[in-house]
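Scroll down for the structure; my scribbles are underneath it.
Residue numbers (the working numbering): 27 to 382.
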């Protein structure tokens, strides 16, 4: 049988304004004032010479007792002081929300993403469909992050700006279709578009996740080299996941759209401080998103405060009730005295009638 004590039971009770206890000495002062007023009212009344005056000397004077209304007023004052002290009952520790980051996924929607060389639930599936399923699970499990979605082909377009609505992010992710924006792969435009939408002043640095099967950019207004340099300058890491084709080896390539040689997916990740993953299978894609979650984790700060239930309404209501009783007491007391006087007079008349 466990033992308990009053201090242990009252341990969760705390006071938001403990300085209000300095007002408690005013309660006995209020009782003393009520005592003086009641004594003055009795001594100021009419005097009657009593035949048994000596016996009354040993009786307690009614003027030494405070009036009931004074006691009620003092009790109401004590309750108001207790409410002012803001009593609180502490509960369980409150876990603060996770501090996440902006995560924007860049989906390659060119025609090559329609190849059914992957499997999902034992059946052949398109590359883009497997990406959607795997990353949708990642979105569901990442509490505290904001997710955005950008699709790119011959053009880049925002399907969803960064949002905390993970359900909406999953729905928009599943709506992406191959050849939605034509063929061509303007990866540089997609990266620069994502960089404009990120919150770069958050507690955690944002990241980009690129899904493509080759990563070559055939056109666009911004080259992959320029976009990677801008991401590096802003401190944004780019994680690249190649879901098919020949694994990137970090060798630059040249296309007619840009004069300089361009970095491939492995080189883009290396330039921005991210990481490259070759994930030409469903299991490899799942391992890739798990690695990204470990490399760019959300912060889960420990609990620093406890839930508190306010108890001030109880003493406040009690004080209001006592104040109402104190205000109504003179009327109640006068009514009781009139009834007692009437009862005494009736008894005296009856006694005199029997004696006659």
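Cβ atoms here follow ideal geometry from the backbone N, Cα and C, with glycine treated the same way. Treat the numbers as computed from the prediction; the structure is a model and nothing was measured.
- Beyond the five residues adjoining it in sequence on each side, residue 318 comes within less than 7 Å, by CB distance, of 235, 265 in the same chain, given in chain order.
- Nearest Cα to residue 193 within the set 181, 133, 166: 166.
- Counting only the Cα atoms, residue 112 lies some 5 Å from residue 42.
- In the same chain as residue 292, and ignoring 5 residues on each side of it, the C-beta atoms closer than 6 Å to its own belong to 274, 276, 302, in chain order.
- Bounds of the alpha helix (DSSP H) holding residue 162 are 153-167.
- Contiguous beta strand (DSSP E) elements confined to the segment 201-253 occur at 233-238, taking only those with 3 or more residues.
- A Cβ-Cβ distance of about 14 Å is found for the pair residue 177 and residue 140, leaving them out of contact under the 8 Å criterion.
- Using a Cβ-Cβ distance cut-off of 8 Å, the segment 189-208 and the segment 96-111 are not in contact, since fewer than three pairs of beta carbons, one from each stretch, lie closer than that value.
- Within a 10 Å sphere around the beta-carbon of residue 225 sit fewer than 16 other beta-carbons, which makes this residue exposed.
- Measuring C-alpha to C-alpha distances from residue 251 to each of 286, 229, 220 identifies 286 as the nearest.
- Taking C-alpha positions only, residue 216 is separated from residue 183 by approximately 7 Å.
- Annotation for residue 271: no beta strand (DSSP E) segment contains it, and DSSP assigns it neither H nor E.
- The segment 241-260 makes no contact with the segment 150-158; the number of CB pairs closer than 8 Å stays below 3.
- If you draw a straight line from the Cα of residue 260 to the Cα of residue 231, it comes to about 9 Å.
- DSSP places residue 262 in the coil class of the three-state scheme, outside both helix and strand.
- A straight-line Cα-Cα distance of about 15 Å links residue 237 and residue 309.
- In this structure, residue 213 places its C-beta atom within 9 Å of the C-beta atom of residue 246.
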